[in-house]
Structures are given as structure tokens and as C-alpha cells.
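Heads up: the structure comes next, in C-alpha cells.
Residue numbers (the numbering used here): 108 to 429.
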């Protein structure tokens, strides 16, 4: 098991190296450079000043020299500076990273709170009216685009019913560190988290339903019933336990889905996280921030697949590579 984990970590190194090169080359291929956004924000400034800054910052150097400096700074913990916000990127990411983390965590909790009971009900009573309703919900949630569903939820529960705030991560009038501040953060977090969770349940529900249906037909379940084991214990000790274990392997892939969805969710709900910063940085051509965010999202996605592989290797040791 240890060899498997070490090997998977070693595989991550060339993946991250290739990812960093692709990110940097794509950023260089985009129109403009790191100072273009600043030039657009200050149209009355002399273009010669920006040209001098480009030369001073090495933006006119060959791409491989710029890439070497960028990677070298990353290894030293220097993320660079945002040319739009005029602050270090590390300081810019601080609060936003925390917001995205809590949004992702709460979304993940809601996803499993919704998906596991629905998958169990659909699998145990398959072909019933409850199963047909759950499968219908699954089809709809799979078909509807995330940004469309998010806009509908925002319109109904934000603008229509006024149950939730329509933007921000906390009420600015609440004093930081108080219990009211904590409740305000939760209140702002609930609607985007529930929205993302409702569309994140598709794979877990379907996989759990199919696993339960397949497990009900296995020989060890028939043997347990033949021995007179009560039906409740047959499901709790044999069917559910064996069906839920493989679902845990999808945890990492759910993390990847949530990371990708956070970009749309945070933008639509005006939630100040990394996803919203990513979109605004692209619009403002703040390429130094874009590079770091794409690298961070890529790393988290690779880490999510690694977590899934490790969990799956624990559940099913046959997949381990010796």
C-alpha cells in the first residue's frame, strides 16, 4: 500500500510540471501581457512608461526565461504581484481561499446528505414510484446546466422569497468575531452550497443505486436470507455496507467537480472566493493571478484524483500496482 501511494505521488510530479508549462504558454498566447490590464485601467498614462516597465519586469524576455523565473519564485514561496490590485498574490488569495474552502466543504457535506439516502431508497425499492421519482430527479439534474440552475435558485430564493442574501460572504454591518458574524457567514453560504450540491449528487445516487441492486442478487445475500437473517439486518450488514464502500472512492472526483463548479457558483452568487477572482482576473487581464489560480485548481484536481485512487485501492486491493 505504501509503495502504491509513493508511486502515485511521484506520478504527480511530471503531471504538475506539464501543467505548469501549459498554463504559462497559454497565458503567453493570450492577447496582451501582465501589464495590459493596468494600461486599460489607466488609459491616460504614457505608453512609454508601460514599455519601460515591461523591460524592467522582463516581459520582453523569451518565454522560457520568464517561465524559469516564475517556477523559481514558486519554489521560494513567492507567488508574484497582482498588477491590478497592486498587492502580493498571496495576500489577495488569503480570505478568498478560506471562502472557497468552506463553500466546497459545505457543498460536499450537502452532496452526501442528499445523495446517500436517495441512492439507498432507489436501490432498495427499485422500480417503485419512489425510485422513478429519484431517477427522474437524477436525469433532470444531469441535464440542466449549472449556471442555469444557479440563476433559477438565486431568482427564487434570493430575489423572490428573500430567504437568502443575493451576494457577498458576510453582512458588512456585523462585527467580526461575534456570533452574529458567524451566523451571517453561514447564511450567505447556504444557498450557493445547496445549489451546487443538488447538481453534484448525480453520480453518487446512480452508482449507489446500481450497487445496491447488484448486491441484492449476490450469493452471500441469498445465503444470509436462507439462514433466516431478518431482512433489516440483511440490508444493514450485507447489502448497504458492501454498496457504500465503493462510493467513498468517488470522494476525490466529487472534490474535482466542486472545484470546477465553484467558478460558476461564486460568479453568479457574487461570492468572494477563488472562482470569482479567477473570472475577474481574466476580464482585467491580470495574468499573474490567472496563472497562479489555474495552477492551484489543477493541483487540487490532481490531488482529488489521487485521493480517489487511494480510497479505491483500500476498498479494492486488486487495483494496486505492485
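By construction, the Cβ of each residue, glycine as well, lies at the ideal position given by its N, Cα and C atoms.
CB-CB under 7 Å to residue 428, same chain, minus the five flanking residues each way: which ones, in chain order? Here residue 428 is taken as the residue at index 321 of the chain shown, counted from 1. Residue placement at residue 428 is poorly supported in this model, since its pLDDT is 49, which falls under 50; the coordinates are not used for a value here.
Out of 269, 350 and 369, state which residue places its alpha-carbon closest to the alpha-carbon of residue 380. Mapped onto the chain shown, residue 380 falls at position 273. The residue with the shortest Cα to Cα distance from residue 380 is 369.
Per DSSP, what kind of secondary structure is residue 119 in: helix, strand or coil? In the chain shown, the residue the question calls residue 119 occupies position 12. Taken through DSSP and simplified to helix, strand or coil, residue 119 comes out as helix.
Residue 312 classed as buried or exposed, judged by whether at least 16 other C-beta atoms fall within 10 angstroms: Within the chain shown, numbered from 1, the residue matching residue 312 stands at position 205. It is buried - the Cβ of residue 312 has at least 16 other Cβ atoms within 10 Å.
Could you check if residue 391 is buried or exposed, using at least 16 other CB atoms within 10 Å of its CB as the buried criterion? For the purposes of this step, residue 391 is identified with residue 284 of the chain shown, where counting begins at 1. Flag for residue 391 reads buried.
Could you tell me which residues DSSP puts in a beta bridge with residue 361? One-based indexing of the chain shown puts residue 361 at position 254. Paired residues: none, contrary to the question.
Where the alpha helix (DSSP H) through residue 227 begins and ends: On the chain shown, position 120 is the one that residue 227 refers to. Start and end: 196 to 231.
What's the gap between the Cα of residue 303 and the Cα of residue 282? Working through the chain shown from its first residue, we reach residue 303 at position 196. Working through the chain shown from its first residue, we reach residue 282 at position 175. Roughly 29 Å separates the two Cα atoms.
How big is the Cα-Cα spacing for residue 330 and residue 318? For the purposes of this step, residue 330 is taken as residue 223 along the chain shown, with counting starting at 1. For the purposes of this step, residue 318 is taken as residue 211 along the chain shown, with counting starting at 1. Computed Cα separation, rounded: 18 Å.
Going by beta-carbon coordinates alone, are residue 363 and residue 130 separated by less than 9 Å? Within the chain shown, the letter at position 256 stands for residue 363. Within the chain shown, the letter at position 23 stands for residue 130. Their beta carbons are not under 9 Å apart, which means residue 363 does not touch residue 130 by this criterion.
Look at the alpha carbon of residue 240 and the alpha carbon of residue 247, and state the distance between them as a whole number of angstroms. Along the chain shown, read from residue 1 onward, the residue named residue 240 stands at position 133. Along the chain shown, read from residue 1 onward, the residue named residue 247 stands at position 140. In this model, residue 240 and residue 247 are separated by some 11 Å (Cα to Cα).
Any idea what DSSP makes of residue 188, helix, strand or coil? Here residue 188 is taken as the residue at index 81 of the chain shown, counted from 1. Correct three-state label for residue 188: strand.
If we ignore side chains and look at the alpha-carbon of each, how far apart do residue 371 and residue 350 end up? Looking up residue 371 in the chain shown gives position 264. Looking up residue 350 in the chain shown gives position 243. The alpha-carbon atoms of residue 371 and residue 350 are separated by roughly 32 Å.
When the Cα atoms are used, what is the spatial distance from residue 204 to residue 292? Residue 204 sits at position 97 when you count from the first residue of the chain shown. Residue 292 sits at position 185 when you count from the first residue of the chain shown. In a straight line, the C-alpha of residue 204 is about 15 Å away from that of residue 292.
On the DSSP letters alone, give me the boundaries of the alpha helix (DSSP H) that residue 346 sits inside. For the purposes of this step, residue 346 is taken as the residue at position 239 of the chain shown. Taken as a continuous stretch (DSSP letters only), residue 346 belongs to no alpha helix (DSSP H), as it is neither H nor E.
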